[in-house]
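Each residue of the sequence shown is one higher than the one before, starting from 128 at the first, in our numbering. The C-beta atom is built at its ideal place from N, Cα and C for all residues, glycine as well. Predicted model only: the values in this text are computed from it and were never measured.
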Amino acid sequence: MAGGSKTAAPRKRVPAAERRDALIEAAMHEFARGGLHGTKVSQVARAVGVAQPYVFALFPTKIELFLAAVGRGFERIEEVFEAAAKRFEAEGPAEPDEDVLMAIGRSYVDSLTADRDMLLLQLQAYAACEEPGVREAVRGLYAGVIEKARELSGADDERLNEFFSGGMYLNVVAALGVEELEEKSDWVAAVCRRSG
């Protein structure tokens, strides 16, 4: 080539379904950190490398993008439950007297450490429930997680109530940063011993 000029390679066109998926993944991270009101759609667009108008072509409103991210987060919770139940069925209890619901709970606690976005996005979803449309969607997603636990474990309402009450408590403990608090706080250490 004369003059040393280079021709840029043509950009590979990414299918809309892949872009949509990438936007949801990026939105999970951004909304987990900033919440519905503290996160700009431009942050999500920048994380994926697209223009903000493209995001709105796929998700006409910020709330639709938020709910797609929250929905994906709740799907991940159900996936954690399903994987734990399959593992329990294949391998049996990891501890004496453990049943499938306890195995699901243990896996969920492990996932809180492994995927902090899953935890934070869940908390942001609850915090955004004053927004029209968000409350109903989050209620439906939470009900789906409860029904998934019921389906996998066969637990009755009382046991599920106890399980999800304890799970919410553990969400708060995890959000507080158990690693730092455990050595300084007797109540956190006690919770960690019971759940771990």
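Identify the continuous alpha helix (DSSP H) that holds Gly219 and give its terminal residues. Numbered from its first residue, the sequence shown carries residue 219 at position 92. Element bounds for Gly219: n/a, residue is neither H nor E.
Touch test, the stretch 226-236 against the stretch 245-252, Cβ-Cβ under 8 Å, three pairs minimum: no
Would Val171 and Ala159 qualify as a contact pair, given that the criterion is a beta-carbon distance under 8 Å? The count along the sequence shown starts at 1 and reaches residue 171 at position 44. The count along the sequence shown starts at 1 and reaches residue 159 at position 32. Against a cut-off of 8 Å, the Cβ pair of Ala159 and Val171 comes out as no contact.
In chain order, what residues of the same chain have a beta carbon less than 8 Å from the beta carbon of Ile273, not counting five sequence neighbours either side? What you label residue 273 is simply residue 146 of the sequence shown in a count that begins at 1. Closer than 8 Å at the Cβ level, and outside the excluded window around Ile273, lie Leu287 and Phe291.
Among Arg147, Ser234, Glu145 and Lys139, which has the Cα closest to the Cα of Ala276? Here residue 276 is taken as the residue at index 149 of the sequence shown, counted from 1. Of Arg147, Ser234, Glu145 and Lys139, the residue nearest in Cα terms is Ser234.
Of the listed residues Arg147, Ala144, Glu191 and Gly294, nearest to Ala255 (C-alpha basis): The sequence position of residue 255 within the sequence shown is 128, counting from 1. It is Glu191 whose Cα lies nearest to the Cα of Ala255.
Any 3 or more C-beta pairs closer than 8 Å across the stretch 204-219 and the stretch 176-196: no
Taking only the alpha-carbon atoms, compute the straight-line gap between Arg140 and Asp283 and give it to the nearest angstrom. Locating residue 140 in the sequence shown gives position 13, where the first residue counts as 1. Locating residue 283 in the sequence shown gives position 156, where the first residue counts as 1. Near 50 Å, if we compare the C-alpha coordinates of Asp283 and Arg140.
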